[in-house]
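J.:
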Amino acid sequence: MVRLIYRHQVFEVPAGLTVREAMKQVGLNPEITLAVRDGKLLHENTILQDGDEVKLIAVISGGEV
50 MVRLIYRHQV
60 FEVPAGLTVR
70 EAMKQVGLNP
80 EITLAVRDGK
90 LLHENTILQD
100 GDEVKLIAVI
110 SGGEV
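Per the working numbering, the sequence shown starts with residue 50, numbered consecutively.
#1: Bridge partners of Q58, per DSSP?
#2: Using a Cβ-Cβ distance under 8 Å, would V75 count as near chain D?
#3: With V103 as the anchor, note down where its alpha helix (DSSP H) starts and where it stops.
#4: Tell me whether M72 is buried or exposed, calling it buried when 16 or more other Cβ atoms sit within 10 Å of its Cβ.
#5: Helix or strand or just coil, what does DSSP make of A71?
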């Protein structure tokens, strides 16, 4: 299993999914969410391995240009 941590929520998904698939499975939008494992940013096509713990971070944008 893979643990996804988003804010104060923890989700478990099966290993073998891509980061994008895992985000969609737990109801998060991969277009506005970053995935970090061991301090390194993961690509959305990275395949998650059994035992991975991934922190998900919502991307916030805005302000004046």
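All residues carry an ideal CB built from backbone N, CA and C; glycine is no exception. Everything numeric in this text was worked out from a predicted model, so none of it was measured.
T.: In brief:
#1: Looking at the DSSP output, Q58 sits in a beta bridge with Y55.
#2: In the structure shown, chain D does not exist; there is a single protein chain.
#3: From DSSP, V103 is part of no alpha helix (DSSP H) but of the beta strand (DSSP E) over E102 to A107.
#4: Around the Cβ of M72, a 10 Å sphere holds 16 or more other Cβ atoms; the residue is buried.
#5: It is helical.
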